[in-house]
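Asker: Have a look at this one before I ask anything.
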Amino acid sequence: MTWIRDPGLSLRMFMTMFLLAIVYLAFLAVLAAFNIDITFIALFAGSFLFIQYFYSDKIVLWSSGARVVDESDAPELYGMVRRLTMEASLPMPRVAIIDTPVPNAFATGRNAKNAVVAVTTGLLRTLNKEELEAVIAHELSHIKNRDVAVMTIASFISTIAFFIMRWAMFAGMFGGNRREGASAGIILFAVSALVWLISFILIRALSRYREFAADAGSAFLTRNPKALISALAKISGKMEYVPPEYKKEVEGLNAFFIIPALSGETLLSLFSTHPPIEKRIERLQRLSREFGIY
Numbered sequence: 010m011t012w013i014r015d016p017g018l019s020l021r022m023f024m025t026m027f028l029l030a031i032v033y034l035a036f037l038a039v040l041a042a043f044n045i046d047i048t049f050i051a052l053f054a055g056s057f058l059f060i061q062y063f064y065s066d067k068i069v070l071w072s073s074g075a076r077v078v079d080e081s082d083a084p085e086l087y088g089m090v091r092r093l094t095m096e097a098s099l100p101m102p103r104v105a106i107i108d109t110p111v112p113n114a115f116a117t118g119r120n121a122k123n124a125v126v127a128v129t130t131g132l133l134r135t136l137n138k139e140e141l142e143a144v145i146a147h148e149l150s151h152i153k154n155r156d157v158a159v160m161t162i163a164s165f166i167s168t169i170a171f172f173i174m175r176w177a178m179f180a181g182m183f184g185g186n187r188r189e190g191a192s193a194g195i196i197l198f199a200v201s202a203l204v205w206l207i208s209f210i211l212i213r214a215l216s217r218y219r220e221f222a223a224d225a226g227s228a229f230l231t232r233n234p235k236a237l238i239s240a241l242a243k244i245s246g247k248m249e250y251v252p253p254e255y256k257k258e259v260e261g262l263n264a265f266f267i268i269p270a271l272s273g274e275t276l277l278s279l280f281s282t283h284p285p286i287e288k289r290i291e292r293l294q295r296l297s298r299e300f301g302i303y
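Heads up: the sequence shown begins at 10 in our numbering, then just goes up one per residue.
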């Protein structure tokens with residue numbers, strides 16, 4: 010099956026990655042100018058991301074308290090995931106359920122063969138069959154688009170900049186006399202902080218674009234974008250009535266969720282991992298017309 014393509018969205022994602030590459034190359038050039046050997050930091054950051062990448066499914070399942078189920082435990086849910094994975098030409102992922110009133114879902118795993126799709130009991134109680142199917146199709150689209158790998162690669166130099174920023178506060182580690190070392194430390198701290206901030210904003214923008222792409226994938230898989238529009242509206246509306254303590258329990262999963270479960274004030278859109286619901290719905294309505302999916 011030919012996977013959905015959105016040239017405009019693809020161009021924006023490419024430009025974001027291109028800008029990230031420029032920022033990262035400039036940062037590496039500054040490090041070279043300071044004769045900074047980042048071998049240890051790169052190995053440390055690489056190990057951190059390696060664990061995050063290769064064990065993301067296990068870490069997320071453990072931290073969320075998700076229970077992996079089979080067909081006998083949840084036949085309707087399992088059958089829905091299996092049918093959609095066949096439609097998307099994906100291997101069957103593990104299916105998990107999280108016992109929380111927060112209506113949400115996520116997918117994770119380093120690749121399609123090691124993926125897991127999880128839904129909450131709150132979601133199962135909130136959505137009808139078509140809406141649940143649309144949400145699962147959204148999560149499977151994240152797997153199809155290799156989003157875990159893309160975001161991990163995009164974050165590598167940013168993670169290095171973060172660690173250098175932290176360590177640069179100790180100017181003595183850069184050698185030379187105390188004053189020179191402190192000056193170098195301040196400059197390197199400022200450069201690292203700037204690189205981290207810019208890359209943070211760009212990576213968040215990339216994350217929002219990936220959400221748009223997963224929404225489009227759901228519309229393509231189900232041929233029913235109205236179901237996802239309805240699901241997003243229901244989840245967003247129900248989220249307002251979920252007690253804050255339940256949202257706090259799952260806030261660590263917000264980057265994975267189809268809609269973040271925020272217990273306090275919402276963040277500025279520039280720093281959000283997800284686009285505003287209104288823009289997602291508007292885009293789904295436009296995609297319905299552009300791709301002839303009704």
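Glycine residues also receive a C-beta, built at the ideal position from the N, C-alpha and C atoms. The structure presented is a predicted model; accordingly, all values stated were derived computationally and were not measured.
Which of the three DSSP states, helix, strand or coil, is assigned to ARG213?
Answerer: Residue state, collapsed to three classes: helix.
Asker: Verify whether the separation of the beta carbon atoms of GLU142 and LEU206 is less than 8 angstroms.
Answerer: For GLU142 and LEU206, no; Cβs fall outside 8 angstroms.
Asker: Which value, in whole angstroms, describes the spacing of the CA atoms of ILE13 and PHE229?
Answerer: Those two C-alpha atoms are separated by around 7 angstroms.
Asker: Which residue or residues does DSSP assign as beta-bridge partners of PHE115?
Answerer: In DSSP, PHE115 forms a bridge with ALA127.
Asker: What does the alpha-carbon distance come out to for the pair MET248 and HIS147?
Answerer: Roughly 19 angstroms between the two C-alpha positions.
Asker: Could you please give the first and the last residue of the uninterrupted alpha helix (DSSP H) stretch that includes ALA38?
Answerer: It spans 16 to 42 - the alpha helix (DSSP H) in which ALA38 sits, taken as one unbroken run.
Asker: Identify whether ALA264 lies in helix, strand or coil by the three-state DSSP scheme.
Answerer: Residue state, collapsed to three classes: coil.
Asker: Do the stretch 22 to 29 and the stretch 206 to 221 touch if we need at least three Cβ pairs shorter than 8 angstroms?
Answerer: Short answer: they touch.
Asker: Could you tell me whether the Cβ atoms of ASN123 and GLY226 are closer together than 8 angstroms?
Answerer: Not a contact, by the Cβ cut-off of 8 angstroms.
Asker: Excluding five sequence neighbours on each side, which residues of the same chain lie with their C-beta closer than 7 angstroms to the C-beta of GLY273?
Answerer: Because the pLDDT at GLY273 is just 49, under 50, the model does not fix this residue reliably, and the point stays unresolved.
Asker: If you reduce the DSSP assignment to three classes, tell me which class VAL69 lands in.
Answerer: In the structure shown, VAL69 sits in a helix (DSSP, three-state: H, G or I).
Asker: List the endpoints of the continuous alpha helix (DSSP H) containing VAL259.
Answerer: 253 to 259 is the span of the alpha helix (DSSP H), which, as asked, contains VAL259.
Asker: Kindly indicate which three-state DSSP category ARG155 falls into: helix, strand or coil?
Answerer: Correct three-state label for ARG155: coil.
Asker: Can you tell me which of the three DSSP states ARG232 falls into?
Answerer: Residue state, collapsed to three classes: coil.
Asker: Which of helix, strand or coil does DSSP assign to ILE106?
Answerer: Looking at ILE106 - three-state DSSP - the assignment turns out to be strand.
Asker: Alpha carbon to alpha carbon, what distance is there between VAL128 and PHE63?
Answerer: Their backbone Cα atoms lie some 21 angstroms apart in a straight line.
Asker: Please identify the residue among LEU40, PHE171, ALA223 whose C-alpha is closest to the C-alpha of LEU293.
Answerer: Among LEU40, PHE171, ALA223, the Cα nearest to that of LEU293 belongs to ALA223.
Asker: Could you tell me whether the stretch 160 to 168 touches the stretch 97 to 115, where touching means 3 or more Cβ pairs closer than 8 angstroms?
Answerer: Touching, no, given that fewer than three Cβ pairs across the two stretches are closer than 8 angstroms.
Asker: Could you pull out every residue in the same chain whose Cβ sits closer than 6 angstroms to the Cβ of LEU276, ignoring the five residues on either side in sequence?
Answerer: Any reading at LEU276 is ruled out, since the residue's pLDDT is 49, under 50, leaving its predicted position unreliable.
Asker: If you draw a straight line from the alpha carbon of ALA214 to that of PHE27, how long is it in whole angstroms?
Answerer: Roughly 13 angstroms between the two C-alpha positions.
Asker: Taking the alpha carbon of ASN263 as the point to measure from, which residue in THR109, ASN44, ALA114 has its own alpha carbon closest?
Answerer: Among THR109, ASN44, ALA114, the Cα nearest to that of ASN263 belongs to ALA114.
Asker: Exposed or buried, GLU140, counting other C-beta atoms within 10 Å across all chains shown (16 or more means buried)?
Answerer: Buried.
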